[in-house]
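Those sequence lines, one after another, are chains X and Y. Each residue of the first sequence is one higher than the last, beginning at 0 in numbering that gives the first Met the number 0. Each residue of the second sequence is one higher than the last, beginning at 0 in numbering that gives the first Met the number 0. Glycine included, C-beta positions come from ideal geometry on N, C-alpha and C. Below you'll find the structure, written out as structure tokens, and then a few comments.
There are 2 protein chains.
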Amino acid sequence: MKYSGQARLLVAVDCIIFGFDGDNFKILLIQRGFAPEKKKWSLMGGFIQPEESLEIAANRILKKLTGLEGVYMEQLQAFSNPDRDPVERTIAVAYFALIDIQKYQKQLSTDYHAEWFLLDKMPKLILDHNPMVEIAKNRLRYKAALHPLLFELLPEKFTIPQLQALYEGLYSTTFDKRNFSRKLLSTGLLIRQKEKDKENSRKGAFYFKLDKLKYSDNFDAFLKFIPNPDKFIS
Amino acid sequence: MKYSGQARLLVAVDCIIFGFDGDNFKILLIQRGFAPEKKKWSLMGGFIQPEESLEIAANRILKKLTGLEGVYMEQLQAFSNPDRDPVERTIAVAYFALIDIQKYQKQLSTDYHAEWFLLDKMPKLILDHNPMVEIAKNRLRYKAALHPLLFELLPEKFTIPQLQALYEGLYSTTFDKRNFSRKLLSTGLLIRQKEKDKENSRKGAFYFKLDKLKYSDNFDAFLKFIPNPDKFIS
DNA sequence: TTTATAAATGTAAAAATTACACTTAATATT
DNA sequence: AATATTAAGTGTAATTTTTACATTTATAAA
């Protein structure tokens, strides 16, 4: 028993993979090894398989490229312009992922000619992938203004100055460090460690870890990390 | 030139249509006139056509049911569990719409046996439509806490007490009317009219209209209508 | 021992939010 | 005509949150 007389379409999943290298936001792109658009840069994607949900497909695709599982990933939206793929009508559901760039295993992706690009210096991508990335950036700015999302981009131990650089990078602005650290510490999500990071200064900066329990409890809380976030969202 | 060896799927659009009758939130449902699940209540939906984007399809479907165009509508998310439709694998992209219930033309929908239900007293729906509605309610609560979205549910002229009832209904709570009106008026979005609504009190309540220019300018602004919105969002 | 450098911290002023109760306008009642 | 009724409308003081801003501290290098 089937629905007759209706068109069936290809459904693709595309992953927008964000990372942070300590100084700048990055995005992981691949160079297509096959026609059409061979050699052009692209988001990592693939078609949904008959037995998969979109979430499963997105995780499969992410794992294939990065070797990572259990990564933060969120459905962005479906892109459905009938002309978006000149080869054949395809609907793409975009997901964005936040990964700890240090966990990314380069060798896994040599198959795909993957490369991290500075988010601000991204090449032209195939199809409608550039607008997808723009929408994902905005969604990330939106969500990170209210929820403790950006920790997903950091390693287990991180310092307050690193965290501030992360926020400042996302919003292309600067924050007063006294107010910033007070706000972040007041969430109660951070546990100070005894060790310091001595890489970036003589004095060293204390490492912090996330209080994972409080983190998962507060993930959906409105924490107002960024004052007037609408200034930064287009 | 086609992508070979990939499965093609049905893609459906389902519309979650919210209204407000002055006292309660409502949702517009239809009773399916055909098998499977004939006579069961359902969201209004349909399959995407070859030349349509999802947005166009959603608007087509909404217009067919309500007669309305230019309505506020937003993509909720794609639902893709492989078993969600027992007849045939179908991906559904849900949209939610906010309409002024007074503009809804009943006669248009007799074709579909459409009916407004109290949102809290909704029947069981087919497939995964109940969870779709739950997700839509949460999204609406989330977004309305920050953005001036709910005006889409009201007629052109409305009173502050009506507006407060609307917010109180969505969050199942009460607000102090002094603080509520101060907050809403401080947005600068409301223009007081000379006439009063005398339906609900002897004194009468002043009508207000939206300042449409400021409204569209501020639609994406973070206005914090609701204190601690995470209390209300699950 | 001194110097250099980034990390860490406190406080006062301003703004926003909260809690709370009386007055007013208009109709209905006597 | 006076009075009662009812929901609309409004103000203020206390608290909390946010903002602006400068000095001290820890450490390694010279």
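Spanning the alpha carbons of Ala-113 of chain X and Gln-104 of chain X requires a straight line of approximately 11 Å. Per DSSP, reduced to three states, the secondary structure at Ile-16 of chain X is strand. In the DSSP annotation of this structure, the continuous segment of the alpha helix (DSSP H) that includes Tyr-170 of chain X starts and ends at 159-170. Against chain Y, the CB of Thr-89 of chain X has a partner CB under 9 Å away; the residue lies at that interface. The beta-carbon of Ala-6 of chain Y is placed less than 9 Å from the nearest beta-carbon of chain X. Legend: CB atoms of the region 70-86 of chain X lying less than 8 Å from CB atoms of chain Y belong to residues Gln-74, Gln-76, Ala-77, Ser-79, Asn-80, Pro-81 and Val-86.
By the criterion of a C-beta distance shorter than 7 Å, Asp-99 of chain Y is surrounded in its chain by Leu-152, Leu-153 and Pro-154, once the five residues flanking it on both sides are discounted. Looking at the DSSP output, Arg-191 of chain X bridges to X:Phe-207.
Taking 8 Å as the upper bound for CB-CB distance, Ile-15 of chain Y and Leu-53 of chain Y are not in contact here, some 14 Å apart. The three-state reading of DSSP puts Ser-79 of chain Y in coil, since its state is none of H, G, I, E or B.
In this structure, the CA atom of Pro-81 of chain X is about 14 Å from the CA atom of Phe-46 of chain Y. Under the Cβ distance rule, Ala-220 of chain Y counts among the residues neighbouring chain X, one pair being separated by less than 9 Å. Ile-90 of chain X is bridged by DSSP to X:Val-10. If the five residues before and after Ile-125 of chain X are omitted, its C-beta is found closer than 6 Å to the C-beta atoms of Glu-36, Lys-39 and Ser-41, all from its own chain and listed in chain order. A Cβ of chain Y is located within less than 9 Å of the beta carbon of Asp-229 of chain X.
Following the DSSP letters along the chain, one finds Ala-113 of chain X inside the beta strand (DSSP E) bounded by residues 113-117. By the Cβ rule, the region 82-91 of chain Y does not count as touching the region 137-150 of chain Y, because fewer than three pairs are nearer than 8 Å. At the C-beta level, Gln-74 of chain X and Ala-57 of chain X come within 9 Å of one another. Listed in chain order, the positions of the region 114-135 of chain X with a beta carbon within less than 7 Å of a beta carbon of chain Y would be empty, since no residue qualifies.
Pairing Asp-13 of chain X with Gly-32 of chain X gives a Cβ-Cβ distance that is not under 9 Å. Residue state for Glu-73 of chain X is assigned as strand, using DSSP reduced to three classes. One Cα belongs to Lys-197 of chain X, the other to Gly-203 of chain X, and the distance between them is close to 4 Å. Residue environment for Leu-149 of chain X: buried (at least 16 other C-beta atoms within 10 angstroms of its C-beta). Looking at the DSSP output, Ser-41 of chain X sits in a beta bridge with X:Ile-29.
The alpha carbon of Lys-62 of chain Y has as its nearest neighbour, out of Y:Ala-96, Y:Glu-50 and Y:Ser-79, the alpha carbon of Y:Ala-96. For Leu-53 of chain X, the chain Y residues whose Cβ falls inside 8 Å of its Cβ are Ala-77, Ser-79 and Ile-90, in order along the chain. Annotated as proximal: Leu-188 of chain X and Asn-217 of chain X, with beta-carbon spacing under 9 Å.
Ile-190 of chain Y counts as exposed, since fewer than 16 other beta carbons sit within 10 angstroms of its beta carbon. Check the Cα spacing between Tyr-214 of chain Y and each of Y:Ala-93, Y:Thr-186 and Y:Val-92: the tightest is with Y:Thr-186. For Phe-46 of chain Y, the chain X residues whose Cβ falls inside 8 Å of its Cβ are Tyr-2, Gln-5 and Ala-6, in order along the chain. Shown here, Ala-34 of chain X sits in coil according to DSSP, grouped into three states, outside any helix or strand.
Taken atom to atom, the span from the alpha-carbon of Thr-173 of chain X to that of Gln-161 of chain Y is near 42 Å. Only residues of its own chain outside the window of five on either side were considered, and among them Phe-17, Gly-18, Phe-19, Ile-100, Trp-115, Phe-116, Leu-117 and Leu-118 have a CB closer than 8 Å to the CB of Lys-25 of chain X, listed in chain order. Asn-178 of chain X and Ile-225 of chain X have their alpha carbons spaced roughly 11 Å apart. Closest by C-alpha distance to Phe-221 of chain X, out of Y:Asp-219, Y:Leu-222 and Y:Asn-227, is Y:Asn-227.
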